[in-house]
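Each number in this note's numbering comes from the position in the sequence shown (counting from 1) with 1477 added on.
Backbone N, C-alpha and C fix where the C-beta goes; we use that ideal spot for every residue, glycine too.
Data first, discussion second: the structure below is written as structure tokens.
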Amino acid sequence: MVASHKVLVVAQDTRLAMTLVSLLRESGCEPAVTTSYSAGRDQLDAGPAFVIAEVRLGAYNGLHLALKARAKGIPAAVFGDANPTTEREARQVGAAYLSAYDLEKAGLQSLLRATITPLPALSLSSAESQASCGSAETGRDTDTYGGS
1478 MVASHKVLVV AQDTRLAMTL VSLLRESGCE PAVTTSYSAG RDQLDAGPAF
1528 VIAEVRLGAY NGLHLALKAR AKGIPAAVFG DANPTTEREA RQVGAAYLSA
1578 YDLEKAGLQS LLRATITPLP ALSLSSAESQ ASCGSAETGR DTDTYGGS
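The structure is reproduced here in structure tokens:
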């Protein structure tokens, strides 16, 4: 059995956090949730496979956390309202930017596939569309992820 990928969600907005947790679980990921920058920063030491941080995190913001994650070799995404300036800043720190329009299962799975494990694009058949965050194995890919 392949271990699932832990994805750290850092969000003060409870509704956003629960939406992300639901989408991540449907994708086979193991979500971990914190509500503050400092708690998220501390959780980076646990080595999550990916970090999704809300833009607004009190005195800090998700960009600060994304920068710290990237410094540790952890891919990150920042979530906020559609904002070209914040999107540009996210790219400058090496993070993806998600807006409310991007918050859908297929888009999140695509982002996770592109950043956590290099999986080939999946076809739309029902068996292959169930590819999970917890396995790097698909109908066309038999290599498994050996990370923890």
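- In this structure, ALA1546 sits away from VAL1555, with a CB-CB distance that is not shorter than 7 Å.
- CYS1506 is a Cβ neighbour of VAL1484, given a cutoff of 7 Å.
- GLN1569 and ALA1591 have their C-alpha atoms some 18 Å from each other.
- Counting along the chain, PRO1508 sits inside the beta strand (DSSP E) bounded by residues 1507-1511.
- Taking 8 Å as the upper bound for CB-CB distance, ALA1553 and ALA1530 are in contact here, some 7 Å apart.
- Burial check for SER1504: the Cβ neighbour count within 10 Å reaches 16 or more, so the residue is buried.
- Taking 3 residues as the minimum length, the beta strand (DSSP E) runs contained wholly in the stretch 1530-1565 are 1553-1556, in order along the chain.
- Judged by DSSP secondary structure, ALA1494 falls within the alpha helix (DSSP H) whose first and last residues are 1491-1503.
- With 16 or more neighbouring CB atoms inside 10 Å of its own CB, GLY1517 falls in the buried class.
- The Cβ atoms of LEU1497 and VAL1486 sit closer than 7 Å to each other.
- For ALA1577, the three-state secondary structure derived from DSSP is helix.
- Using a 10 angstroms sphere on the CB of THR1511, the tally of other CB atoms reaches 16 or more, which defines it as buried.
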